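Residue numbers (my numbering), protein chains in the order written: chain A, 2 to 306; chain B, 2 to 306; chain C, 2 to 306; chain D, 2 to 306.
In structure tokens, the structure reads:
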């Protein structure tokens with residue numbers, strides 16, 4: 002990394018280079034999830050050999066990653082607020098018996114991107130466009146009229162590939178600000194004995210990513226279905242970009258490539274398991290909760306080996 | 002059905018008969034989900050032959066099943082309230098540019114049992130006990146200290162079996178108040194060419210169920226992992242029980258048997274597909290969102306064939 | 002009312018005629034609330050003679066005016082959802098004692114205009130402008146950067162005048178669609194023995210209002226501080242306007258005149274009291290809850306006589 | 002203060018001494034608010050001489066007093082979460098025009114005791130009792146069936162008295178842990194030239210209070226209507242009490258005396274004004290938002306001088 006700041010021109014060039022608009026028709030709302038075909042799903046299911054299920058979700062509670070007071074008013078990314086509507090203590094106190102059943106019930110107030118989650122294709126815009134060239138004004142206070150997360154309802158099943166970059170580079174955790182290169186990913190895949198193929202769901206273990214190099218590095222992997230990692234945004238922080246450009250990787254991946262991204266995945270258990278059995282591929286199932294018009298969704302992603 | 006009202010004595014007898022407390026140790030918090038073993042998961046994955054994914058979730062939005070004003074104050078089972086934290090119209094208006102990224106974000110206020118969902122084992126109590134004999138006071142305003150839905154995080158994967166009772170009985174929909182008998186289920190399984198086995202996830206298509214007969218009828222199927230249907234509570238309504246007893250099936254299944262139950266599953270697409278290919282078994286993956294201490298969870302259940 | 006539909010030209014003319022922009026300086030954010038001066042408050046306090054306090058608020062609960070499923074997705078105007086965070090049943094069950102205090106606590110999910118409430122000046126726009134000519138883009142997903150309801154924090158105190166139009170016209174309730182005329186208001190004021198003065202808070206009892214005539218009718222009363230009524234929007238429904246124009250009165254009053262409006266006021270008790278003592282003026286105190294950046298606020302308005 | 006820890010016996014004795022149960026009948030739900038009589042309200046209104054309104058509310062926003070992650074799961078006292086349902090940016094983007102009106106709307110998720118607020122009489126229990134001897138099980142997940150804050154709807158108006166203890170003691174702020182004595186209050190009242198009378202609303206400026214001494218000190222003032230201060234709980238922190246007793250002042254005031262308490266009042270502006278004009282009494286109006294069954298309420302308390 003030369004230290005050169007990423008500019009708007011760089012982004013414009015990357016956008017031209019990686020643009021997938023129209024690739025699956027003018028009406029498409031799911032982007033690279035189209036890459037996964039029925040055969041891929043059948044093949045992925047064949048990877049289940051131990052009958053072991055590994056969850057990649059953090060628990061959703063007040064210990065989640067959100068928290069500090071923000072300088073941005075009303076951004077509202079709090080940890081989930083889980084509140085009971087009826088309780089066992091109500092039951093014990095006898096106050097539910099008028100209903101003829103003793104039951105507890107609950108409600109959650111939950112930003113959709115507060116924990117382990119999918120970014121939907123309505124989440125990020127490039128200038129005034131969203132995925133496939135839709136006008137960003139399709140995402141109003143009434144929700145995403147295009148590319149809502151509910152459109153992925155029958156997707157998010159395929160072959161998962163785990164790239165443990167940190168381990169491959171001999172680190173516990175990548176240094177803050179370390180920008181993964183294409184060579185790093187190649188080396189990781191090689192050391193894990195896997196090849197990333199069209200339609201795969203790639204889960205990366207690292208702290209950081211970097212937009213420009215990353216965009217560069219994906220020349221060999223452009224046809225994955227989705228990308229997920231153990232970071233806030235699959236992106237190196239702080240960003241190496243000009244003032245006025247924040248999280249440049251997002252500018253390209255979501256609205257331009259149509260790449261659904263998974264964030265805040267918890268991969269420690271998966272990493273341990275893969276290190277033990279040396280198998281870095283599995284059946285990946287991570288259904289979004291189909292909240293109509295949502296631009297993201299919590300998920301409990303499962304690696305089934 | 003004789004029309005005799007189900008009494009508390011009937012429930013007490015059923016509780017004694019079907020009680021699984023202690024079966025998986027005094028510390029168990031997941032009940033019949035224990036039935037599904039690694040071999041079952043491997044075998045279930047082998048059922049994936051077409052590479053087709055069918056979602057059993059209703060979309061989560063204001064058109065959901067909740068709605069009418071309730072006579073119970075503050076019960077709070079509303080349809081999900083999906084609200085934007087940032088929008089594409091903000092982006093278009095230029096008011097996000099100070100952050101260097103144009104992105105939308107959202108939040109949901111969602112009762113955990115407002116749509117397609119799992120009832121956790123903390124959801125229903127038998128007198129002052131919950132599953133495995135835990136004191137119901139473990140479910141406080143701070144959530145379920147035992148049997149929270151997050152305990153199922155690595156579960157909810159196995160062989161799915163679809164019992165299309167309505168179709169087997171030659172109906173579009175079972176009549177309101179029709180109580181499915183054990184014979185109905187046997188006949189359905191036979192007509193579908195499937196056998197329910199230990200550790201299966203059974204999805205029933207019907208409008209109605211009935212507690213007493215049901216409890217009776219499950220003598221042959223007690224070892225399923227979970228049961229789900231296209232109803233509010235896998236239970237005949239109105240209930241055929243004495244005053245003061247409401248949803249008696251729940252009294253037994255959840256706290257006594259430890260049976261996780263799926264409700265408001267959308268099975269129309271699955272029914273169509275099964276009718277076409279005559280295959281009523283599949284890989285079933287329906288991860289709960291692991292909200293710590295929750296007594297239920299929305300889910301997007303997938304039948305993968 | 003001739004039955005002629007109100008047109009955009011009519012609105013444009015009304016906007017020009019009643020525009021108060023700049024009247025209290027370019028930085029003003031409270032509009033006609035400026036009319037109420039300290040002397041008015043002192044005089045209003047002198048109206049307190051019986052020591053009687055009459056609330057003009059509906060209780061905030063599930064029996065409130067919101068409710069039917071809307072055809073507008075995610076509009077989100079539900080009745081308040083009041084949920085407990087801790088309860089007396091928790092206390093009784095002993096589960097709070099670890100904290101050394103037995104207390105209940107609660108939370109509300111409440112659209113700010115779901116019940117008795119003030120419309121703030123950020124609530125309605127005229128084309129792309131809000132009160133005093135501010136750009137409507139000042140009201141972003143982060144809230145109202147101008148004219149937030151918190152700016153009224155020390156206002157909402159003054160002389161209240163109650164105009165019981167229904168009673169003055171000899172009706173229990175005005176017919177649906179009946180448009181109050183200026184003459185109706187004059188007649189009401191006369192029959193009540195009150196004169197509306199500069200800086201007053203006028204509370205109108207009626208079912209309906211009408212924009213055009215109303216705008217016309219207020220030539221004699223333009224200097225009130227605020228207007229409140231027992232209706233959804235102080236406006237006749239259905240509106241008598243061209244397609245594409247909804248609630249035209251709001252187009253003028255809030256963004257153009259800077260008139261803070263009170264809605265869904267409960268005036269039955271006040272009406273009874275005024276009919277008995279024949280006193281239609283009182284000290285009016287109706288503080289908004291100063292939620293930063295809000296465009297409305299629930300309130301418990303008090304008429305103190 | 003001798004440093005002796007407050008014991009359960011001390012509390013039991015205080016409870017016996019100050020118990021007001023039954024004083025206003027067996028059905029009473031508002032306690033000491035009964036002290037304020039119509040004549041008091043008339044007299045209080047006579048105190049309005051400058052026509053000045055001073056708000057005692059903090060703005061309700063993310064900068065409020067809540068915040069740090071709590072070790073108590075799901076306690077849920079967050080700062081208010083204010084979210085827009087429609088915005089000016091929607092208006093600008095033209096996406097609202099189908100409705101014929103350009104308007105913004107908003108919603109709040111707000112713990113009722115997150116900011117400037119009243120503690121209702123359902124908020125704190127003494128053992129298993131609430132105010133007037135009601136069973137604490139009256140406060141269920143469905144809200145307070147007795148003593149809900151809505152019962153105070155026509156109250157919260159009377160003479161306000163401001164006791165600026167810090168100033169009277171020559172301090173900017175009382176030291177953390179300083180326990181105000183009865184003598185301190187007497188001295189403050191004397192230096193402010195006010196006498197606290199039956200039915201008054203007393204606003205105290207200090208950082209701290211102390212339960213036992215306080216309870217002791219109120220022998221001369223037991224008949225106030227309500228007490229408010231600029232603290233979390235009108236109580237010295239850390240509490241000087243045995244393990245297992247937290248906020249002992251609350252144990253007595255709310256359930257035993259029936260004293261509605263105001264917390265987190267912002268009194269800086271009032272302090273400045275009173276120091277200038279040397280007038281420490283005023284018309285006090287602080288209506289609660291009548292949320293049915295609530296055990297507290299945000300309020301915008303007004304001192305009108």
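Cβ coordinates follow ideal geometry from the N, Cα and C atoms, glycine included.
These numbers were taken from a predicted model, which means no experiment stands behind them.
A distance of 8 Å or more separates the beta carbons of residue 164/D and residue 103/D.
Checking the DSSP bridge columns, you'll see residue 107/A partnered with 85/A. Every alpha helix (DSSP H) of 4 residues or more that sits fully in the stretch 120 to 174 of chain D is shown, in chain order, as 166 to 169.
Under the Cβ distance rule, residue 131/A counts among the residues neighbouring chain B, one pair being separated by less than 8 Å. For the pair residue 263/D and residue 123/D, the Cα-to-Cα distance works out to about 14 Å.
Taking 8 Å as the cut-off, the Cβ atoms of residue 109/C and residue 81/C count as close. Under the three-state reduction of DSSP, residue 17/B is assigned to helix. Under the criterion of beta carbons closer than 8 Å, residue 33/B and residue 259/B qualify as touching, at roughly 5 Å. For residue 189/C, the enclosing alpha helix (DSSP H) begins and ends at 183 to 193. When the five nearest sequence neighbours on each side are left out, the beta carbons in the same chain lying within less than 6 Å of the beta carbon of residue 288/A are those of 157, in order along the chain.
In the DSSP assignment, the residues bridged to residue 305/C are 54/C and 284/C.
Listed in chain order, the positions of the stretch 75 to 86 of chain C with a beta carbon within less than 9 Å of a beta carbon of chain B are 75, 76, 77, 79, 80, 82, 83, 84, 85 and 86. Looking at 174/A, 253/A, 298/A and 286/A, the one whose alpha-carbon comes closest to that of residue 18/A is 253/A.
Contact annotation: residue 228/B and residue 54/B have beta-carbon atoms that are not nearer than 8 Å. For the 8 Å CB-CB criterion, residue 242/A and residue 48/A do not form a contact. Beta bridge pairing from DSSP links residue 261/B with 227/B. In this structure, residue 87/C and residue 105/C form a Cβ contact; the two beta carbons are roughly 5 Å apart against a cut-off of 8 Å. With a threshold of 8 Å between beta carbons, residue 108/D makes contact with chain B. Annotated three-state conformation of residue 7/B is strand, per DSSP.
Going by beta carbons, residue 297/D and residue 119/D fall inside the 8 Å limit. DSSP, reduced to helix, strand and coil, places residue 39/C within a helical segment of the structure shown. According to the DSSP secondary-structure assignment, residue 202/D is paired through a beta bridge with 161/D and 227/D. Neighbours of residue 296/D in chain A, taken as residues whose beta carbon is under 8 Å from its own, are absent, since the nearest beta carbon is some 14 Å off.
The residue among 245/B, 130/B, 186/B and 267/B with its C-alpha nearest the C-alpha of residue 22/B is 130/B. DSSP places residue 299/B outside any alpha helix (DSSP H); the residue lies instead in the beta strand (DSSP E), whose first and last residues are 297 to 299.
The C-beta of residue 91/B comes closer than 8 Å to at least one C-beta of chain D. The Cβ-Cβ distance between residue 286/A and residue 280/B does not fall below 8 Å. Interface with chain B (8 Å Cβ-Cβ cutoff): residue 29/A is excluded. Under the three-state reduction of DSSP output, residue 66/A falls in the coil class, being neither helix nor strand.
Closer than 8 Å to the CB of residue 162/C there is not a single CB belonging to chain A.
Only buried fits residue 161/C, as 16 or more other CB atoms lie within 10 angstroms of its CB. Sequence-distant partners of residue 144/D (beyond 5 residues in either direction) whose C-beta falls short of 6 Å from its own C-beta, in its chain, are 294.
Chain A places a beta carbon closer than 8 Å to that of residue 56/B, counting this residue as a contact.
Less than 8 Å divides the Cβ of residue 246/D from the Cβ of residue 101/C. Going by C-alpha positions, residue 225/C is about 9 Å away from residue 35/C. As DSSP reads the structure, residue 242/C sits in a beta bridge with 7/C.
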